[in-house]
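Inspection log for the structure reproduced underneath, given as structure tokens.
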Amino acid sequence: MPPAASRAASGAARRPGLIGRLPALSSRVLWFSLGLTSVACGIAGIILPLVPTTPFLLLAAFAFARSSPRLHAWLVSHPRLGPPINDWQRHRAIRRRAKVVAVAAMVAFLTLGAALGLAPEIIAAQALVFAAVAAFVLTRPGVPEADE
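Take the sequence shown: its position 140, counted from the start at 1, is 192 in our numbering, and no numbers get skipped.
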């Protein structure tokens, strides 16, 4: 009989305790840390114009759903941070105002880069990234009027 089978037969294969809970505990700690970091980046995105907000908040909600039901509930019910998360989770949709602000910000920063004389390669790379992001944002449905 293989060693693993003999341990299983003797009842010594798995014993509850700290060792058995370590993978789950370390996983929760990692998800929790990712959630906190994502909330911090999302809040920074509110203040800093080049940092996105909603993707970080969506990541935080995802991470907190796996690590802290209390922080997940706080985040999705927050009056300022919660609505874009709920819009995405319920409808996979982006509000019209958010679309306009996102595209306007991308155009403004592309224009600013050109006005500051950035290298053409940098402008081209920015334009490519901004075009891809704008295409994604603009092709998402809007939030149903009843939810706005």
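Ideal Cβ placement from N, Cα and C applies to all residues, glycine included.
At the level of alpha carbons, what is the spacing between Ala117 and Gly87?
Mapped onto the sequence shown, residue 117 falls at position 65. Mapped onto the sequence shown, residue 87 falls at position 35. Rounded to the nearest angstrom, the two C-alpha atoms are 9 Å apart.
Mark His124 as exposed unless 16 or more other C-beta atoms lie within 10 angstroms of its C-beta, in which case mark it buried.
Start at 1 with the first residue of the sequence shown, and residue 124 comes out as number 72. Counting Cβ neighbours within 10 Å, His124 comes out buried, since at least 16 surround it.
Could you have a look at Ser79 and say whether DSSP puts it in helix, strand or coil?
Here residue 79 corresponds to residue number 27 of the sequence shown, with the count starting at 1. Ser79: helix per DSSP, three-state reduction.
Assuming the contact rule is C-beta atoms closer than 8 Å, Phe108 and Cys93 should be a hit. Round their C-beta distance to whole Å, please.
Taking the first residue of the sequence shown as position 1, residue 108 is located at position 56. Taking the first residue of the sequence shown as position 1, residue 93 is located at position 41. About 4 Å separates the two Cβ atoms, so the contact holds.
Helix, strand or coil for Gly169 per DSSP?
Here residue 169 corresponds to residue number 117 of the sequence shown, with the count starting at 1. If DSSP states are grouped into helix, strand and coil, Gly169 belongs with coil.
At least 3 beta-carbon pairs within less than 8 Å: the segment 189-197 vs the segment 143-158:
The segment 189-197 vs the segment 143-158: in contact.
Answer yes if the segment 174-182 comes into contact with the segment 153-162, meaning at least three C-beta pairs across the two stretches below 8 Å, and no otherwise.
Because the criterion of three Cβ pairs below 8 Å is met, the segment 153-162 and the segment 174-182 touch.
For Pro136, is the classification buried or exposed, using 16 other Cβ atoms within 10 angstroms of its Cβ as the cut-off for buried?
In the sequence shown, the residue the question calls residue 136 occupies position 84. Counting Cβ neighbours within 10 Å, Pro136 comes out buried, since at least 16 surround it.
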